[in-house]
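Numbering (the working numbering), first residue to last: 1 to 697.
In structure tokens form, the structure reads like this:
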């Protein structure tokens, strides 16, 4: 299989200071060398200090027979193929000059597998060791024989299988005994049945070999490697930019995991980078076989990359129903990969009949065009949603599409290869680099805007927390005859639990409210502010728990998605308690759970009433009110704290802080709020009311 590097057949006579000579039948000779046809179809090669191009008519025969390597084999009945590069010839696929079409366009359109080339030469004037340089392009693997002796091969030939590689510059030294005199050069070629789908004129050698001094041939090999570097050198630049974009996208996703588009861009860059690495390995090493490289690139990475681009832009534009988009994309990707696989070795020509290509090629084209249509739809709807970023994004999408549809562009005669400063630049490479640069600008812009928005949210949350700290008192007001303790531990920056202790106009009376709004975070904190504000306003006019709950219920019903549980106690100076409950868990009276009538939370149904319970707090009695964050605490194994543990905890004297700490240590999942109300005994009241005695001086 041909490599991307360009064949270099240049003179070295400038270095040696020798004038050039021309070969007769084979076309221009190289350096002080010539090759001339002599009777009996033998090419005469006269070597001075350089090499000769072995063009002209080579004997050619499809099939395989080891005896065809022998110098005495009679090949007079074989047909001929001219390996002289026609003037102005070139490779339509790669855009290179000095290119000879393969056997599929020279009378053997359906042949694949083995074929042989033979040429007889007569060498004169050779004074040093010789080497044979093979053409830069060949399909797909070959073995070289001189006078029946194998001098080298490219690829791995086994009895049942041949492993081919993308063609690399190769030269093979001849034995010291082979310097002057007649030589028979036989080249055993092998081409896979799927190779014609990579180039329509595949098969055999796409240029003439060269015979010359080993030192001169070595110099030409180095020049060929230099051409390959110029041909694929832009891939290193693309690889560098892709690696930088991959690191940046992965870093941004680590900093902002909510933005899934960063993750998809990192995956796109990763897949594209892997493809570039494979291309570079194929063009510079024999580390990856032709079949493995084709399967990795054409069957897996290319379809997956196209699908990832579609999904990435869907996430970038934050389109709805992205799951539906992926349900459309990935089956198409799988079908595209399978259709390509059927046209690649080892399936095509062995498992899949050659004639099936007439159906598989159109199917493959349709699948790629359907994916392109999905990308167009994503672009259309995305541009409608985000016109600010849309213009630059559309340019990046167009460039990405060009990079992924080069083969289709070549079908409509779009030039896909250019030369810049002697470096070959493909349209796909340029498009990929430009699209990644544009996307990088968009990424940084979005990330900066996202950070600004986060800072604004942090400021708003901090302000909401400060407001809540005012609404949920850290220092409780003093109420004569009562000892009140509170412990509040929000699960987030802004909590959803609330309580209020409002002393009454009569000394020793108080209105105590405790509740929990539905939801968490900033929205819950804003609802707490609303409820606490409403409680303080209503409490100026009435201390009746039933009326207060009714007014709060109507206030929340007037708002959508606003609900809360709440319990209100109105305590008189003599210890009488009037209590109304709206869905809050019952209080604990001296460590035992009270029986409370059930009621719906606030904001559920408008116009409902709430019953009032009356009971008497004796001296020394204690009421403990708590939110459901205590019982719903959950450990790492998913086990809840539960009411059984709450009952066991309260069966002994325990402080308010100990109750909160027990739930928090178990595994806090929700806001934790505990409020303890204890009626003081007369001895405590009398001790508190007596003035402090100051000892006499």
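Beta carbons are placed, not taken as given, at the ideal position from N, Cα and C, and that holds for glycine.
From this set, 400, 549, 658 and 85, which residue's C-alpha is nearest residue 514's C-alpha?
549
Any idea what DSSP makes of residue 426, helix, strand or coil?
strand
Got a sec, what are the start and stop residues for the alpha helix (DSSP H) residue 364 sits in?
357-385
For the alpha helix (DSSP H) that residue 498 lies in, which residues bound it at each end?
Residue 498 -> not in any alpha helix (DSSP H); beta strand (DSSP E) instead, spanning 497-503.
What is the DSSP secondary structure of residue 531, reduced to helix, strand or coil?
helix
Could you tell me which residues DSSP puts in a beta bridge with residue 566?
515 and 583
CB contact flag (residue 329, residue 307, <7 Å)
yes
Between which two residues does the alpha helix (DSSP H) holding residue 143 run?
Where residue 143 is concerned, there is no enclosing alpha helix (DSSP H), although the beta strand (DSSP E) it sits in stretches over 141-146.
Backbone secondary structure at residue 173 - three-state DSSP:
strand
Leaving out five residues before and five after residue 681 in sequence, what residues of the same chain have Cβ atoms less than 6 Å from its Cβ?
Excluding five sequence positions before and after residue 681, the CB atoms of its chain that fall closer than 6 Å to its own CB belong to 619 and 620, given in chain order.
Where do the N-terminal and C-terminal ends of the alpha helix (DSSP H) with residue 119 fall, by residue?
Per DSSP, residue 119 is not a residue of any alpha helix (DSSP H); the beta strand (DSSP E) it occupies stretches across 113-124.
Take the Cβ of residue 160 as the centre, count every other Cβ of all protein chains shown within 10 Å, and call the residue buried at 16 or more, exposed below.
It counts as exposed.
Alpha-carbon spacing of residue 104 relative to residue 396, whole angstroms
40 Å
For the beta strand (DSSP E) that contains residue 82, what are its first and last residues?
79-82
Between the Cα of residue 630 and those of 637, 646, 352 and 636, spot the shortest distance and give me the residue it belongs to.
Minimum Cα distance to residue 630 is reached at 646.
Give a yes or no on whether the C-beta atoms belonging to residue 268 and residue 312 are separated by under 7 Å.
yes
Check this for me: beta carbons of residue 552 and residue 625, under 7 Å apart or not?
no
Taking contact to mean 3 or more Cβ pairs, one atom from each stretch, closer than 8 Å, check whether the segment 180-198 and the segment 144-160 are in contact.
yes
Taking the DSSP output, what are the residues bridged to residue 131?
173 and 212
Suppose contacts are defined by Cβ-Cβ distances below 7 Å. Is residue 169 in contact with residue 54 by that definition?
no
Between which residues of its own chain and residue 659 is the CB-CB distance below 6 Å, once the five residues before and five after are set aside?
Answer for residue 659: 674, listed in chain order.
First and last residue of the uninterrupted alpha helix (DSSP H) at residue 308:
Residues 302-316.
Would you be able to state if there are at least three C-beta pairs under 8 Å between the segment 482-491 and the segment 659-668?
yes
Taking C-beta to C-beta, are residue 443 and residue 392 nearer than 7 Å?
Their beta carbons are not under 7 Å apart, which means residue 443 does not touch residue 392 by this criterion.
For residue 637, count neighbouring C-beta atoms within 10 Å of its own C-beta (all shown protein chains included) and say buried if the count is 16 or more, exposed if not.
exposed
Kindly list the residues whose CB is nearer than 8 Å to the CB of residue 563, restricted to its own chain and excluding five residues on each side of it in sequence; keep chain order.
Non-local beta-carbon contacts of residue 563 in its own chain, meaning distances under 8 Å to residues more than five positions away in sequence, involve 517, 518, 556, 601, 602, 603 and 604 in chain order.
What does residue 678 pair with, by DSSP beta-bridge criteria?
483 and 622
Given that a residue counts as buried once 16 or more other Cβ atoms are within 10 Å of its Cβ, and exposed if not, what is residue 23?
Since pLDDT at residue 23 reaches only 31, below the 50 mark, its modelled position is unreliable, and no value is offered.
Checking the sheet assignment: what are the DSSP bridge partners for residue 222?
According to DSSP, residue 222 bridges with nothing at all.
Hey, residue 117 and residue 59 are a contact pair by Cβ (cut 8 Å); roughly how many whole angstroms apart?
Correct: roughly 7 Å between the Cβ atoms.
Residue range of the beta strand (DSSP E) that residue 182 falls in?
181-191
Alpha helix (DSSP H) runs contained entirely in the segment 215-297, provided each spans 4 or more residues:
260-284 and 290-294
Every unbroken beta strand (DSSP E) inside the segment 611-659 [3 residues or more]:
The qualifying runs are 612-616 and 622-626.
Please determine if the segment 233-252 and the segment 216-223 are in contact, where contact requires at least 3 C-beta pairs separated by less than 8 Å.
The segment 233-252 vs the segment 216-223: no contact.
Who are the near neighbours of residue 403 in its chain, counting only those whose CB is closer than 6 Å to its CB and skipping five residues on each side?
428, 431 and 432
Residue of 132, 547, 154 and 131 minimising C-alpha distance to residue 140:
154
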